[in-house]
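S.K.: Structure incoming, see below.
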Amino acid sequence: GAVVSQHPSWVICKSGTSVKIECRSLDFQATTMFWYRQFPKQSLMLMATSNEGSKATYEQGVEKDKFLINHASLTLSTLTVTSAHPEDSSFYICSARRTGVYNEQFFGPGTRLTVL
Amino acid sequence: AQTVTQSQPEMSVQEAETVTLSCTYDTSESDYYLFWYKQPPSRQMILVIRQEAYKQQNATENRFSVNFQKAAKSFSLKISDSQLGDAAMYFCAYRNLHSRSGGGADGLTFGKGTHLIIQP
């Protein structure tokens with residue numbers, strides 16, 4: 098159990114377009130999901146906390162209007178990169194929190210975004 | 005804010021030997037979790053081991069064990085009998101026990117990672 102999927106796994110887009118990335122918890126409900134960004138050979142940086150039915154909480158330095166997060170159901174959160182530019186090219190990873198003793202976070206396989 | 009420091013960008017160990025990866029952290033909280041995650045070339049994050057700060061006993065998972073020194077804010081990972089499949093990036097991570105916002109949990113704060121190489 099505790100499987101998290103992401104779609105797409107890889108996307109290439111032109112500069113100025115918007116890209117939507119989906120994060121789904123497949124076998125559990127997640128009121129909270131997290132979005133991370135990982136540049137090549139670097140660590141994961143928390144971008145935002147996605148809360149079902151409410152606004153996302155963004156980390157300092159993350160542009161809210163640039164990275165739109167929608168957590169419309171207990172199993173789905175989406176991250177939309179608006180007006181993408183080459184510097185937005187990165188690996189985006191989501192995690193979903195499963196309620197329990199440890200409130201464990203389970204990670205998706207990630208989405209590689211390349212902006213041309 | 006919490007910080008996590010991994011001072012070893014890369015470590016190499018012979019197969020079947022033991023290796024220790026270092027991690028230090030900084031926090032003003034007294035209750036928190038510490039984790040070691042493995043990220044193989046597939047980029048899928050895999051939980052290796054978890055330590056609750058309120059537990060004095062060091063966590064152990066098969067060949068993986070930690071040395072948790074709360075006063076020193078140190079959290080090292082020991083891998084015994086290293087195997088080729090252990091080759092990966094290893095990230096040390098911190099999480100508050102209680103959410104800052106009152107919700108269920110905070111996100112994780114990661115160190116920069118240690119690239120572990122296993123030599124056959």
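Sequence order for the protein chains is A and B.
For what it's worth, this note's numbering labels the leading residue of the first sequence as 98, then goes sequentially.
For what it's worth, this note's numbering labels the leading residue of the second sequence as 5, then goes sequentially.
Glycine included, C-beta positions come from ideal geometry on N, C-alpha and C.
Residue 47 of chain B versus chain A: which residues are under 9 Å apart at the beta carbon?
M.R.: 135, 188, 190, 206, 207 and 209
S.K.: Is the Cβ-Cβ distance between residue 136 of chain A and residue 180 of chain A less than 8 Å?
M.R.: no
S.K.: Assign residue 107 of chain A to buried or exposed, taking buried as 16 or more other Cβ atoms, counted over all protein chains shown, within 10 Å of its Cβ.
M.R.: exposed
S.K.: Consult DSSP for residue 162 of chain A and reduce its assignment to one of helix, strand or coil.
M.R.: Residue 162 of chain A: coil per DSSP, three-state reduction.
S.K.: 8 Å is my cut-off, CB to CB: does residue 131 of chain A come that close to chain C?
M.R.: Considering every chain present, this structure includes no chain C. Its protein chains are A and B.
S.K.: When you compare each of A:172, A:145 and A:173 to residue 161 of chain A by their alpha carbons, which one comes out closest?
M.R.: A:145
S.K.: Would you call the stretch 49-62 of chain B and the stretch 102-118 of chain A in contact, with 3 or more CB pairs under 8 Å?
M.R.: no
S.K.: Mind pulling the chain A residues with CB within less than 9 Å of residue 116 of chain B?
M.R.: 139 and 140
S.K.: With a threshold of 7 Å on Cβ separation, who are the neighbours of residue 26 of chain B within its own chain once the five nearest residues in sequence on each side are excluded?
M.R.: 10, 11, 12 and 80
S.K.: Grouping DSSP H, G and I as helix and E and B as strand, with all else coil, what is residue 85 of chain B?
M.R.: Residue 85 of chain B: coil per DSSP, three-state reduction.
S.K.: So which residues of chain B does residue 143 of chain A contact, with C-beta pairs closer than 9 Å?
M.R.: 110, 111, 112, 113 and 114
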